[in-house]
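Under mature numbering (1 follows the signal peptide of the UniProt record, and there is no 0), the letters of the sequence shown match residues -22 to -1, 1 to 120, in that order.
Each residue gets a CB set at the ideal place from its N, CA and C atoms; glycine is no exception.
These numbers come from a predicted model, not from an experiment.
Structure first, then comments.
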Amino acid sequence: MKFAVVAFCLFLGACSSTSKQAVNSDTSMALAEQHTPKSVNGTFKLPIKSTALVGERVYLNTQNDYRDRRNISVEITPMLVFELDESYGTPPEKYFLNKLLEVKGEVKKIKIYVISDGKVTKDYYFQTLIKINSLNQINVSS
């Protein structure tokens, strides 16, 4: 009988919910590497050190060099770039620079091929990326 009570208590403990906490960029990186080529869903706290506007997309980077293997890039879709500009009154590549962000989404490590003279080469590097397309996926953390 004691065994049944203990087993039941352990079962209830295992079923209890845990609070979702944002994980930092180092943990995000480790999760992405561990689950490559799959993505990992979560909420991530990311310090933004550099940004880039490429075409109509904005990239927020956790390192000054986006090719740094420790970098995590947040890709903001063109429609969301417009929405963020309207909401904050300034382009997202300027607004989010040097801020700590809380980003919800899927972090994934992807292979990027180097383009030289307009042609794809055999050279490549890996980039850790979170694509966002909704205002509720990105917040400035306090």
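Reference residue i, options the options, closest by Cα
| i | options | result |
| --- | --- | --- |
| Asp101 | Lys109, Val92, Leu107 | Val92 |
| Arg35 | Lys89, Ile110, Asn114, Val81 | Ile110 |
| Thr106 | Leu31, Val32, Gln41, Ala30 | Gln41 |
| Lys69 | Leu31, Ile26, Leu113, Lys82 | What sits at residue 69 in the sequence shown is Pro, not Lys. The residue with the shortest Cα to Cα distance from Pro69 is Leu31. |
Reduced DSSP secondary structure (H/G/I, E/B, other) of residue i
| i | result |
| --- | --- |
| Gln115 | helix |
| Ser17 | coil |
| Lys89 | strand |
| Glu34 | coil |
| Lys82 | strand |
| Lys27 | coil |
Cβ of residue i within 7 angstroms of any chain D Cβ
| i | result |
| --- | --- |
| Asn39 | This model lacks chain D altogether, as it is built from one protein chain only. |
Extent of the continuous beta strand (DSSP E) to which residue i belongs
| i | result |
| --- | --- |
| Lys100 | 97 to 110 |
Report the residue ranges of all beta strand (DSSP E) runs contained in full by the segment 40 to 78; include only those spanning at least 3 residues, in chain order. Counting whole runs of 3 or more residues, the segment 40 to 78 contains the beta strand (DSSP E) stretches 50 to 54.
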